[in-house]
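*Asks:* Numbering (numbering that gives the first Met the number 0), first residue to last: 0 to 446.
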Amino acid sequence: MMRRFRSYAAITGACSILVGQAPVARAASSIGNPMAGNLGFGTIVEQNAVLGTTETEGTVAVGGNLAFGPGYNVGLHTAGSYTAPGDSRPTALLVGGHLDAAGSDPNGVLRMLNQSYVKIGDLTGFHALDTDSNGASVFTRVVPATGGYDSTPRIELTTAQPVGSVGPATMPIDFPALFAAYRERAAAIAACPENVVLDDAQGRPLPQQSGFAPGTSGYITLTPGRTNVLKLSASDLNNLSELSFRTQPDASTPFVVVVSGQVGDWHTPNTPGVSGPQAPYMLWDFPDATTITITGGDTVEGTIYAPSATLTDLDPSNIEGDIAVKSLVAGPRTGPGTWTNAGEIHNFPFAADLDCQEVGPTPTTSSPTTTPSTSPSTTPSTTPLHPTSPHHPPTTGPTKPSASQLPQTGGQLGSLTWLAAVGGLLIAGGAALLGLRRRLPRGRHMA
0 MMRRFRSYAA
10 ITGACSILVG
20 QAPVARAASS
30 IGNPMAGNLG
40 FGTIVEQNAV
50 LGTTETEGTV
60 AVGGNLAFGP
70 GYNVGLHTAG
80 SYTAPGDSRP
90 TALLVGGHLD
100 AAGSDPNGVL
110 RMLNQSYVKI
120 GDLTGFHALD
130 TDSNGASVFT
140 RVVPATGGYD
150 STPRIELTTA
160 QPVGSVGPAT
170 MPIDFPALFA
180 AYRERAAAIA
190 ACPENVVLDD
200 AQGRPLPQQS
210 GFAPGTSGYI
220 TLTPGRTNVL
230 KLSASDLNNL
240 SELSFRTQPD
250 ASTPFVVVVS
260 GQVGDWHTPN
270 TPGVSGPQAP
280 YMLWDFPDAT
290 TITITGGDTV
300 EGTIYAPSAT
310 LTDLDPSNIE
320 GDIAVKSLVA
330 GPRTGPGTWT
340 NAGEIHNFPF
350 AADLDCQEVG
360 PTPTTSSPTT
370 TPSTSPSTTP
380 STTPLHPTSP
390 HHPPTTGPTK
400 PSASQLPQTG
410 GQLGSLTWLA
420 AVGGLLIAGG
430 AALLGLRRRL
440 PRGRHMA
């Protein structure tokens, strides 16, 4: 009889060991490229935008209305990768709403370079012309409806775009849906565990990794082959005067700064060790911010990802990377004919896939059971799995996409396999116990 109970104990103990040693549930959050769904437009704005001074070397997509200053260039280095059906040239500027004449400089000229096209959703108050006052064929311009070919404010092309293709145009991007996905991605990035430690000049970790004194310098050494995440509060961001890179980010080693809370004014830090070649692999994530004003500092290396924020740029230093914001003021008007110098927006599209390991619960431990049980449980005690998002990544294409969502994550697969194995063992153990119990002679008591 004791031999039978040893069998019970062995089965119960084995199952207990397997349950206790099940791996920790860690969901691998595969975010991918957070700019996905932008159709290649480097500066993308959900609502309204003001392009006050200087230029954007890449492309611009605005979901709302657009105002512009006395002289602004779009598409200096590229006309972009999106070509609308039926067009012969790429579109470098999308405007989902209308051109804001009142908000623009009366003498404003926005120039479309690289023979790029423009698409405008609502042409109210404007019209497109491809002939001058003499009836001669000329490069296309978008001018006030009551004005002639040379009237202002105007958009001036460097090619002859068919006037019918300028607008009213259907937007190939669903801006509200895309920015809903961007906000989800910003939150998902913020959920990544921090894995970057700031050092001093001698390579020793800073005594405090937060609560920096103004003017603090930090040094960064990246871990190759993973997404490197540094988390800062808004005050710490402004108190860091310099972030020096001992190693450089690349496609397999992207660098992300997650800035929590409201930001307000941002004096951008100097970033020795990185420049344009590294900018496509750097991202500044502002998941909570609703207002960001760049008041001064050095060039921003990397993408500014603030899908809930109004970004106002007052700094003549440049931005080298993509911009994804709710609304944009790149150089506001300060008086009649005067606009703030906001520097240039350089074309360095974000070019890395982000993924991280979400921190899971601590594993439980248990010892083998040696006391026999006549009523073995068939329901194991398991560590709960970390939930993952069921959403899908956005689609891109020449037609209006559906809502872009976060991609699925697959970090639960290994844990589910363990749970299935444990469940099978427990069921088998229960069946064995039941079989042994049935073979016991009736009427006899266990001693």
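All C-beta atoms in this analysis are idealised placements derived from N, C-alpha and C, irrespective of residue type, glycine included.
1. Could you please give the first and the last residue of the uninterrupted alpha helix (DSSP H) stretch that includes I154?
2. Taking the alpha helix (DSSP H) that F347 belongs to, which residues open and close that run?
3. H76 and G57: beta carbons closer than 9 Å?
4. Look up P161 in the DSSP assignment and say whether it is helix, strand or coil.
5. Cα separation between P276 and L282?
6. Whose CA, out of D249, L236, A351, A350, lies closest to the CA of F211?
7. Between G70 and the rest of its own chain, which residues show a CB-CB distance below 7 Å, the 5 nearest in sequence each way excluded?
8. Quick check: the Cα distance between P73 and A176, rounded to an integer number of angstroms?
9. Tell me the rounded alpha-carbon separation between T333 and A91.
10. Spatial neighbours of S103 within its chain, please: C-beta separation below 7 Å, excluding the five flanking residues on both sides.
11. Between the Cα of Q201 and those of N317, S243, A179, I318, spot the shortest distance and give me the residue it belongs to.
12. Taking the beta strand (DSSP E) that L109 belongs to, which residues open and close that run?
13. Could you spell out the range, first to last residue, of the beta strand (DSSP E) harbouring R332?
14. Which partner residues does E319 have in the DSSP bridge list?
15. So what's A185 in DSSP terms, helix, strand or just coil?
16. Which stretch, first to last residue, makes up the alpha helix (DSSP H) that contains D235?
17. Kindly indicate the opening and closing residues of the beta strand (DSSP E) around V73.
18. Would you mind working out which of A189, F285, T130, R88 sits nearest K118, comparing C-alpha positions?
19. Would you report the Cα separation of G51 and N340, rounded to the nearest angstrom?
20. Pick from S29, N238, P84, V273: whose alpha carbon is nearest that of E528?
21. Figure out for me which residue from C191, D314, A83, T309 has the closest Cα to the Cα of G296.
*Replies:* This is what the structure gives:
1. From DSSP, I154 is part of no alpha helix (DSSP H) but of the beta strand (DSSP E) over 153 to 156.
2. Note, F347: premise wrong, no alpha helix (DSSP H); not H, not E.
3. yes
4. coil
5. 14 Å
6. L236
7. V108
8. The sequence shown places Val at residue 73, not Pro. Those two C-alpha atoms are separated by around 25 Å.
9. 28 Å
10. A66, F67, P152
11. S243
12. 108 to 111
13. 332 to 334
14. E300, H345
15. helix
16. 233 to 238
17. 70 to 73
18. R88
19. 8 Å
20. This structure leaves residue 528 out entirely; the chain is present only between 0 and 446.
21. D314
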